[in-house]
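Undergrad:
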Ligand SMILES: Cc1cc2nc3c(=O)[nH]c(=O)nc-3n(C[C@H](O)[C@H](O)[C@H](O)COP(=O)(O)OP(=O)(O)OC[C@H]3O[C@@H](n4cnc5c(N)ncnc54)[C@H](O)[C@@H]3O)c2cc1C
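Residue numbers (the numbering used here): 71 to 470.
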């Protein structure tokens with residue numbers, strides 16, 4: 071007989087994953103008086119220090135503020151009224167406020183996560199870091215359970231529902247029987263080499279650039295930290311990219327004829343990310359509901375992943391509140407359809423931005439000239455710019 075200690079508990083909603091989706095869901099449920107337990111595989115520092123998204127749609131900012139976790143975001147977030155598109159050595163501005171009546175806010179995902187973890191601790195509700203061997207049970211039979219090991223103990227959580235907020239590589243989606251869902255997927259033949267640089271941003275707004283040598287993006291995380299990306303091969307080795315080569319390439323791809331270029335500074339962090347579009351349909355199975363990257367991922371060009379994750383959990387929290395307050399199941403039944411409609415629109419936009427701004431390996435001059443013509447048309451048409459602006463600032467959570 072095993073002498074491992076066991077712990078059993080019961081909650082209303084068991085949440086797997088303490089990324090933006092899981093933490094925000096836990097908080098929204100708390101505000102609705104619904105109990106939850108959050109189970110996270112990594113330790114707290116790892117979860118906080120992962121540098122990823124940074125562009126928040128106005129709808130995401132509103133959710134954070136209305137949920138009482140937006141004070142620091144309002145103080146420190148950098149509000150942007152537009153972006154630049156650069157091609158043929160010129161920068162062109164797309165004015166979101168004029169075209170779509172909204173703005174975006176640059177605030178690092180790690181700051182969002184930090185604020186949400188602090189809010190979770192303040193509620194006193196459970197959040198387990200370093201949960202090992204997380205496993206699900208019973209969600210198809212109306213008796214959902216989450217099992218994991220932590221502190222040399224075997225834990226078992228009995229719950230009414232499981233929220234699978236454990237990202238693309240998590241355990242929840244693969245726990246759904248393969249005949250109950252389908253994946254729609256596209257891999258892109260390039261990736262992004264991203265750096266964080268210890269230097270003040272030289273532009274107040276993001277700059278997306280299509281250059282003969284490939285795509286580059288100028289972005290920022292704070293008034294003293296710049297975030298930059300270069301199109302590269304999906305399996306690019308960082309060994310081939312000493313700091314000087316990265317800067318030379320960034321300056322070549324981003325610098326414009328008016329003399330603008332990113333400020334050069336010490337590189338704090340570098341990484342390579344592949345690019346993929348992925349959607350799981352439906353986003354639920356029995357009493358398991360997927361949210362965020364567990365259900366869909368997008369190429370980062372459209373800055374949609376984090377925003378979609380937050381939109382999903384807003385819809386899920388409302389559906390769960392309707393269940394507990396009024397015993398209504400209709401919102402749970404429509405959860406997947408509602409979220410997928412938004413997710414596919416975001417996929418379309420992210421795919422379009424990615425295709426317009428990246429050079430396909432082996433792509434010829436015809437492709438490049440066609441892409442330049444598309445950008446040229448975009449900048450000459452208020453209708454085309456409005457379409458980009460509307461999608462970039464984010465569709466309303468309540469869909470039209
Ligand atoms: C380089 C890069 C740049 C990006 N830029 C943007 C951007 O500008 N704007 C934007 O909106 N989005 C962007 N994204 C996407 C964005 O980061 C994700 O969409 C977002 O993190 C999704 O949140 P999530 O909570 O669904 O998933 P995650 O953040 O992946 O969180 C999932 C959590 O579950 C945990 N977990 C995994 N497996 C298990 C398990 N078995 N048991 C328990 N826990 C588990 C993970 O450790 C993690 O903490 C970017 C992504 C990358 C990689």
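All residues carry an ideal CB built from backbone N, CA and C; glycine is no exception.
The structure presented is a predicted model; accordingly, all values stated were derived computationally and were not measured.
Between the alpha carbons of residue 460 and residue 75, how many angstroms are there, rounded?
TA: Roughly 54 Å separates the two Cα atoms.
Undergrad: What does a CB cutoff of less than 6 Å around residue 466 pick up in its chain, not counting 5 residues either side in sequence?
TA: Nothing meets the Cβ criterion.
Undergrad: Strictly by DSSP, which residues pair up with residue 165?
TA: DSSP lists 152 as partners of residue 165.
Undergrad: Following a CB-centred definition, is residue 338 positioned closer than 8 Å to any heavy atom of ligand 1?
TA: Not so, every heavy atom of ligand 1 lies at least 8 Å from the Cβ.
Undergrad: Taking just the CA atoms, how far does residue 391 sit from residue 399?
TA: Between residue 399 and residue 391, the C-alpha separation is close to 10 Å.
Undergrad: Taking DSSP as the reference, what is the three-state secondary structure of residue 261?
TA: Three-state result, residue 261: strand.
Undergrad: Would you say residue 167 touches ligand 1, meaning its beta carbon is less than 8 Å from a heavy atom?
TA: Result no, Cβ not under 8 Å from ligand 1.
Undergrad: Which stretch, first to last residue, makes up the alpha helix (DSSP H) that contains residue 435?
TA: Unbroken alpha helix (DSSP H) run through residue 435: 435-450.
Undergrad: Just verifying my parser: in three-state terms, what is the DSSP assignment at residue 76?
TA: Strand, per DSSP.
Undergrad: Identify every run of the beta strand (DSSP E) within the segment 374-427, keeping only runs that are complete inside it and at least 3 residues long; order them along the chain.
TA: For the segment 374-427, not a single whole beta strand (DSSP E) run of length 3 or above is found.
Undergrad: With DSSP as the reference, please indicate the residues paired to residue 191 in a beta bridge.
TA: None; residue 191 has no bridge partner.
Undergrad: Do you know how far the Cα of residue 187 is from the Cα of residue 263?
TA: When rounded, the distance between both Cα atoms is 29 Å.
Undergrad: Please report the residue range of the beta strand (DSSP E) in which residue 130 lies.
TA: Note, residue 130: premise wrong, no beta strand (DSSP E); alpha helix (DSSP H) at 128-136.
Undergrad: Just tell me which of 138, 268, 250 has its CA closest to the CA of residue 100.
TA: When only C-alpha atoms are compared, the closest one is 138.
Undergrad: Can you tell which of 453, 127, 244, 456 has its C-alpha closest to the C-alpha of residue 353?
TA: The shortest Cα separation from residue 353 among 453, 127, 244, 456 belongs to 244.
Undergrad: Out of 455, 173, 439, 310, point me to the one whose CA is closest to residue 130's CA.
TA: With distances taken between Cα atoms, residue 130 lies closest to 173.
Undergrad: Assuming the contact rule is C-beta atoms closer than 8 Å, residue 222 and residue 177 should be a hit. Round their C-beta distance to whole Å, please.
TA: With a Cβ gap of about 38 Å, residue 222 and residue 177 do not count as contacting.
Undergrad: Quick check on residue 170 - is its C-beta less than 9 Å from some C-beta in chain D?
TA: No chain D is part of this structure, which consists of one protein chain only.
Undergrad: Three-state secondary structure (DSSP) at residue 299?
TA: Note: residue 299 maps to strand in three-state DSSP.
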